[in-house]
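Residue numbers are given in the numbering used here: position 177 of the sequence shown equals residue 177, and the series is strictly consecutive.
Even for Gly, the Cβ is constructed at its ideal location relative to N, Cα and C.
Notes to accompany the following structure.
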Amino acid sequence: MLLGIVGKPSSGKTSFLNAACLTSAKVADYPFTTVEPNLGTAYVRTKCVCKDLGVEDNPRNSICIDGIRLVPIRFLDVPGLVIDAHKGRGLGNQFLDELRRADALIHVVDASGSLDADGNPIEPGTWDSVQDVKWLEKEVAFWLVDLIKKDWGAFLRRITEHQSIIDLLTVKLSGLAIKKSHILEAVHQLNLDPEKPKQWSDDDLLDFALTLRRIAKPMIISANKIDLPTSKEHLDDLLNLGEAYLTVPTCALGEYAFRMFSEKGYIKYIPGDSDFEILEPDKLSEKNKEILMKLKVEVLEKYGSTGVQKILDTLVFDVLEMITVYPVHDPKKFADTDGNVLPDAFLVPRGTTAKELAEIIHTDFADTFIHAMNAKTGLRISDDYELQDRDVIKIVHAAKRK
Ligand SMILES: Nc1nc2c(ncn2[C@@H]2O[C@H](COP(=O)(O)OP(=O)(O)OP(=O)(O)O)[C@@H](O)[C@H]2O)c(=O)[nH]1
Ligand SMILES: [Mg+2]
C-alpha cells in the first residue's frame, strides 16, 4: 500500500509526511524546499481485536496502543508541482513518475490562501484555494495523457483481431498500478467506442486521462493550515466542491507537534485523538505549552482532530476499501510459532478470500493451502469465504514439498 502526496510548493506536503511518519525531512517557507522524493512509513488506525478476545498482544508488523492497532503503510512526498509542470515548468513533472505505484493520492492544499500559484507568499486569504484543486487534477491528467500519447500512433497500428486498444493500454499502464478493469470503467463512463480508437479526439484522450485517474488513483484533499485565521472561508469552499471530491481539514504542523511531544513522553496523544494529556508539565517550556493550548482551541476543539490521521484512515478504509485481518498460527492462543499473540495485522482489499490471504502471507502457502479456520469461532471456513474486517485467521497448509 503506497499513498502519494501532491500539491503546489509550500502547501505543507513534507510537513504532512513528517507528521504522519514522524520523520524530519526538510520543511521551509520557500518554494521547492523538497527537491528529491521523501519516503516514509505512516500508520492507519483501527480498533484491535485484542480487547474483544481478552488477550495481551505482542505485535510484530504493527503497533498496539490501548487497544488501537496502528498498521503500517508506505508514504511518498514529492517536490511541489506548478502550472505547466508537464511542459517542464518548475521542477517539471518528472516526480509524478515516482508516484506511478501509488494506490491513492493526497492533495495538500494551502487552505489559508496565502500562496500564489507557484507557492510564493502573498497577502493571506487572497488566493482562491479551489483553483488549486482544479488545476492539479488537470496537471496530473496532462502527465498521464502525455504518457499515453507517446505510444498512441504505434498502438493504432498494432491493433489486430486478437489485440484491442484496451489490451494495449492495459500493458502500457500496468506499471502505474492501473488495471484493465479501471480502463474499461473509464471507457464506459465516457461512452468511448473501444472498437474505434482512431475516432478518439485529443479532448477524448484528455477526458479519458482525467476519468482514469479518478478511478485508478483516487485523491483526497487535505485542506491544510486550518490553524491560520484566513482558512475559514476557503475551507467552506473546499468542503463544498461537490460529490466527486473528498476534503478533510488538516493541520500538519499541529499533528507534528503532538506526535513529537508524545514521542518524548511529555504528552499522551495517539494519532487521530481529539485531545491530549500533559504528562510532564515541567519538561514543556511555557512557549510550547502555549502552542499546545492554541492548537487545542483552534484545531482539536473546532475540527475534532488535526485531520492527518483521518486522511490516511479515510483513504485506506473507505476509499480503497481495505480491511484488517490477523493471521495466526495457534488458533487457541491467537499466536505465531514463537508465541507472539496477534503478531501481524494485514491490510487486504474487501472481498479477499481465505485462500487469497494465504498467498498474500506467503507465496508458498498458495501451493500448500489446505483450508482456513476462523480462530475466533474455531470453525473451518470455505476457501472462497470473503474475509471480514477484524477476522483472526489460521491457515492450515501442508508441509512444503522438497
Ligand atoms: N500554520 C501552518 N503552517 C504550516 C502547516 N503545514 C505546513 N506549514 C508551513 O508551510 C511551509 C511549507 O511547508 P513544507 O512542508 O515545506 O511544504 P511543501 O509542500 O513540502 O513545500 P515544497 O517542498 O517546497 O513543495 C512551512 O513554513 C511549514 O511550517 C500547518 O498546518 N499550519
Ligand atoms: Mg516539501
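query	result
Sub-8 Å separation of G304 and S274 beta-carbons	yes
Reduced DSSP category for T353 - H, G, I as helix; E, B as strand; rest coil	strand
I166, DSSP secondary structure in three states	helix
Local Cβ density within 10 Å of M405, reported as buried at 16 or more and exposed below that	This structure cannot settle anything about residue 405, because the visible part of the chain is limited to 1 through 402.
Counterpart residues of M407 in DSSP-defined beta bridges	The chain is shown only over 1 to 402; residue 407 falls outside these bounds and no answer can be derived.
For P72, the residue or residues it bridges with in DSSP	Y43
Contact test: T33 Cβ vs ligand 1 heavy atom, cutoff 7 Å	yes
Any C-beta of chain B under 8 Å from that of V109	Structure shown: chain B not included; a single protein chain is present.
E386 and G339 closer than 8 Å at C-beta	no
Beta-carbon proximity check, L99 vs S10, cutoff 8 Å	no
Sequence ranges, beta strand (DSSP E) only - wholly within the segment 1-37, length at least 3	2-6
Cutoff 8 Å; reference P281; Cβ partners in own chain excluding five residues on either side	K289
Cβ pair P249, G307 closer than 8 Å	yes
Proximity test, C48 beta-carbon vs ligand 1 heavy atom, cut-off 7 Å	no
Distance cut-off 7 Å: T337 Cβ against heavy atoms of ligand 1	no
Element boundaries [alpha helix (DSSP H), containing R214]	D202 to A216
Where L241 sits in the DSSP three-state scheme	coil
Within 8 Å, strictly: CB atoms of V328 and V396	no
Presumed contact (8 Å Cβ cut-off) between P124 and I165, rounded CB distance	Not confirmed; about 49 Å, so no contact.
As assigned by DSSP and simplified to three states, the class of L105	strand
Beta-carbon separation (whole angstroms), A186 vs T170, contact threshold 8 Å	Contact doesn't hold; Cβ gap of about 12 Å is too wide.
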